[in-house]
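**Student:** Numbering (the working numbering), first residue to last: 261 to 536.
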Amino acid sequence: MNNSFGPDLTGILAAATEDIRRTVAAAVVPPVEISIPAMDHLAEAIAPLQPALERLDAMMPANWRGSRLDYSEMIALMQEGVPLAWVPPADVIQQLLTADDPASRARVIDDCRPTILASCEAALASVTDTRFIAQRALLEECVRMAEHGMFSGAQALAANVWDTLIRGLAFANPEWLKPNGQWQGYPKVLENIPAVEDDDPTIRQFREAAAFLPFPQALKTFWPPTPVPQNFNRHATAHAAATTQYTPVNAVTAVMLAVSVLRDIDDMDHPIKMHA
């Protein structure tokens, strides 16, 4: 996979907490044997790791920091199509992780709608790049619409802002385009976005891919007689406008996805060339 995303994080991804530590030990640094003579010396033994752990935590989206989230379970949830980078808050993520199935997770999103929308508003307020003033304003409008029950408008607008960001990423990366520089379509996008490509990814790979993991589900195409997707889907939002696709949960998911991607582009300084 070719992409030019993200800064080089190698120097700071030296350790992690719990699940992260196991991943880092296997994939980022050589195994190290530490002899701990007694439990009362545990704090002293792990003290050298603390600065690395703090730097690692600081590199993560703000809604993950200090929360001891299960990253392996989060990967599966994001691949299901649920955005988790930058929004929603950690307590909502925990509820989503403990939900039994997609229907239960949809209920969590619906029940936690005010909290999720407030987190979207806060994440948008943290976007600092002036190139995204218009997109930030449009997504703030989406939040207000959803807060006032105008879910269909929020979903359609958020999907369009997200699509604008996708195309901005594509036009900044020639390998995503045709040789003449023209748009090549969503399959090419999916070939080039950062992804978690194995069952034991490094923390660096996970961090670079996090905001993009919901893309494959959201960009799935469907054609009659295939049923219209019930989860948020760009193709269905554009071409199957009816009650199956347009729902309060899908509206909130669409807003979350667009906010997540915009905030991550701003934070990670991904190359982007907006045509808007």
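Just so you know, even glycine gets a beta-carbon here, dropped at the ideal spot from N, CA and C. Please read these numbers as outputs of a predicted model, since none were measured by experiment.
1) Taking only three categories from DSSP, how would you classify residue 372?
2) In the structure shown, what three-state DSSP assignment does residue 460 receive?
3) Please confirm whether residue 418 and residue 496 have their CB atoms less than 8 angstroms apart.
4) Under a three-way DSSP split, which group does residue 284 fall into?
5) With a threshold of 8 angstroms, are at least 3 pairs of Cβ atoms found where one atom belongs to the region 491–509 and the other to the region 454–468?
6) With a threshold of 6 angstroms on Cβ separation, who are the neighbours of residue 510 within its own chain once the five nearest residues in sequence on each side are excluded?
7) With a floor of 4 residues, list each alpha helix (DSSP H) that falls wholly inside the region 426–506, ordered by position along the chain.
8) Please work out which residues of its chain come closer than 8 angstroms, Cβ to Cβ, to residue 536, disregarding the five sequence neighbours upstream and downstream, and give them in chain order.
9) Is the beta carbon of residue 329 less than 8 angstroms from the beta carbon of residue 463?
10) Using a Cβ-Cβ cut-off of 6 angstroms (strictly less than) and excluding sequence neighbours within five positions of residue 380, which residues of its own chain qualify?
11) Got a sec? Which residues, its chain only, sit under 8 angstroms from residue 437 by beta carbon, not counting five neighbours each side?
12) Who are the Cβ neighbours of residue 333 in its own chain at under 7 angstroms, not counting the five residues just before and after it?
13) Relative to the C-alpha of residue 528, which candidate in 352, 349, 362, 389 has its C-alpha closest?
14) Could you check the C-alpha separation between residue 367 and residue 441 for me, to the nearest Å?
15) Tell me whether residue 526 is buried or exposed, calling it buried when 16 or more other Cβ atoms sit within 10 Å of its Cβ.
16) Is residue 439 buried or exposed, if buried means 16 or more other CB atoms sit within 10 Å of its CB?
17) Go ahead and pull the three-state DSSP assignment for residue 277.
18) Hey, residue 376 and residue 342: beta-carbon distance below 8 angstroms or not?
19) Quick check: the Cα distance between residue 480 and residue 470, rounded to an integer number of angstroms?
20) Is the CB-CB distance between residue 531 and residue 452 below 8 angstroms?
21) Which of the three DSSP states is assigned to residue 536 in this structure?
22) Note down the Cα distance separating residue 387 from residue 407, rounded to an integer number of angstroms.
23) Note down the Cα distance separating residue 365 from residue 322, rounded to an integer number of angstroms.
24) Quick one: what does DSSP say residue 409 is sitting in, helix, strand or coil?
25) If you draw a straight line from the C-alpha of residue 378 to the C-alpha of residue 409, how long is it?
26) According to DSSP, is residue 424 helix, strand or coil?
27) Would DSSP call residue 360 helix, strand or coil?
28) Quick one: Cα of residue 327 to Cα of residue 344, how far?
**Tutor:** So, to answer that:
1) For the purposes of this step, residue 372 is taken as residue 112 along the sequence shown, with counting starting at 1. Residue 372 falls in the coil class under three-state DSSP.
2) Here residue 460 is taken as the residue at index 200 of the sequence shown, counted from 1. Note: residue 460 maps to coil in three-state DSSP.
3) Stepping through the sequence shown from its first residue, residue 418 is reached at position 158. Stepping through the sequence shown from its first residue, residue 496 is reached at position 236. Cβ atoms of residue 418 and residue 496: not closer than 8 angstroms.
4) Along the sequence shown, one-based indexing puts residue 284 at 24. Confidence at residue 284 is low in this model, with a pLDDT of 45, below 50, so its placement is unreliable and the value that follows should be read with caution. Helix at residue 284.
5) no
6) The residue labelled residue 510 in the question sits at position 250 within the sequence shown. 415, 492.
7) 446–452, 463–469, 475–478, 494–499
8) Within the sequence shown, residue 536 is the residue found at index 276, counting from 1. Once the five neighbours on either side are set aside, the close Cβ partners of residue 536 are 394, 395, 424, 428.
9) On the sequence shown, position 69 is the one that residue 329 refers to. On the sequence shown, position 203 is the one that residue 463 refers to. No.
10) Taking the sequence shown and counting its residues from 1, one reaches residue 380 at position 120. Closer than 6 angstroms at Cβ, skipping near neighbours: 347, 403, 515, 519.
11) Reading the sequence shown from its first residue, position 177 is the one you call residue 437. These residues qualify, in order along the chain: 430, 431, 443, 444, 448.
12) One-based indexing of the sequence shown puts residue 333 at position 73. Within the same chain, residue 333 has close Cβ partners 357.
13) Numbered from its first residue, the sequence shown carries residue 528 at position 268. Comparing Cα positions, the closest option is 389.
14) The count along the sequence shown starts at 1 and reaches residue 367 at position 107. The count along the sequence shown starts at 1 and reaches residue 441 at position 181. Cα to Cα, residue 367 sits roughly 43 angstroms from residue 441.
15) Against the sequence shown, residue 526 aligns to sequence position 266. Buried: at least 16 other Cβ atoms inside 10 Å.
16) Looking up residue 439 in the sequence shown gives position 179. It counts as exposed.
17) Here residue 277 corresponds to residue number 17 of the sequence shown, with the count starting at 1. The predicted model places residue 277 with a pLDDT of 45, which falls under 50 and marks its position as unreliable, so this point remains unresolved.
18) Along the sequence shown, one-based indexing puts residue 376 at 116. Along the sequence shown, one-based indexing puts residue 342 at 82. It is not a contact, given that the beta carbons lie outside the stated cut-off.
19) Taking the sequence shown and counting its residues from 1, one reaches residue 480 at position 220. Taking the sequence shown and counting its residues from 1, one reaches residue 470 at position 210. Their backbone Cα atoms lie some 18 angstroms apart in a straight line.
20) Taking the sequence shown and counting its residues from 1, one reaches residue 531 at position 271. Taking the sequence shown and counting its residues from 1, one reaches residue 452 at position 192. It is not a contact, given that the beta carbons lie outside the stated cut-off.
21) Taking the first residue of the sequence shown as position 1, residue 536 is located at position 276. Looking at residue 536 - three-state DSSP - the assignment turns out to be coil, as it is neither helix nor strand.
22) The residue given as residue 387 occupies position 127 in the sequence shown. The residue given as residue 407 occupies position 147 in the sequence shown. Rounded to the nearest angstrom, the two C-alpha atoms are 21 angstroms apart.
23) For the purposes of this step, residue 365 is taken as residue 105 along the sequence shown, with counting starting at 1. For the purposes of this step, residue 322 is taken as residue 62 along the sequence shown, with counting starting at 1. Using only the alpha carbons, I get a separation of about 22 angstroms.
24) Taking the first residue of the sequence shown as 1, we reach residue 409 at position 149. It is coil, neither helix nor strand.
25) To locate residue 378, count along the sequence shown from 1; it is residue 118. To locate residue 409, count along the sequence shown from 1; it is residue 149. Each residue's alpha carbon lies about 14 angstroms from the other.
26) Residue 424 sits at position 164 when you count from the first residue of the sequence shown. Helix.
27) Start at 1 with the first residue of the sequence shown, and residue 360 comes out as number 100. In this structure, residue 360 counts as coil in the three-state DSSP scheme.
28) Stepping through the sequence shown from its first residue, residue 327 is reached at position 67. Stepping through the sequence shown from its first residue, residue 344 is reached at position 84. Answer to the nearest angstrom: the Cα atoms are 13 angstroms apart.
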